[in-house]
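Residue numbers (the numbering used here): 250 to 354. Even for Gly, the Cβ is constructed at its ideal location relative to N, Cα and C. Since we're looking at a predicted model, the values are computed, not measured. In what follows, a single structure is set out as structure tokens and then discussed.
Right, dumping it as structure tokens:
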């Protein structure tokens with residue numbers, strides 16, 4: 250079964266296939282409007298620079314981050330308008346509400 254899941258992963262599995270990607274996305278969602286280097290993303294996400302180097306292409310290909318034009322070395326920014334980011338913000342809100350339900354007085 251795991252082989253089939255690896256061969257034909259769901260969208261969620263693609264995003265979470267590597268723990269570092271999850272940490273990177275989480276850090277990015279806290280950095281809206283910020284331009285960042287791979288090193289800065291690694292520091293903010295608490296992952297190695299090698300992990301960012303390995304996985305940044307996935308985030309670019311998915312439209313989660315965009316490369317800043319004419320930056321050298323290449324810098325990136327979170328694509329706040331991306332559907333995946335909007336859905337992740339909604340998911341985060343739902344999870345937070347369920348983990349911290351309001352107590353009626």
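- When C-alpha distances from residue 325 are compared across 345, 266, 307, 341, the shortest belongs to 307.
- DSSP places residue 337 in the uninterrupted alpha helix (DSSP H) bounded by 332-348.
- A check of alpha carbon separations from residue 272 across 293, 259, 327 identifies 293 as the nearest.
- Cβ neighbours of residue 312 within its own chain (closer than 6 Å, five residues either side excluded): 328, 331.
- Annotation: residue 314 is outside any alpha helix (DSSP H); the continuous beta strand (DSSP E) that includes it extends over 314-316.
- Here the alpha carbon of residue 333 sits roughly 10 Å from the alpha carbon of residue 260.
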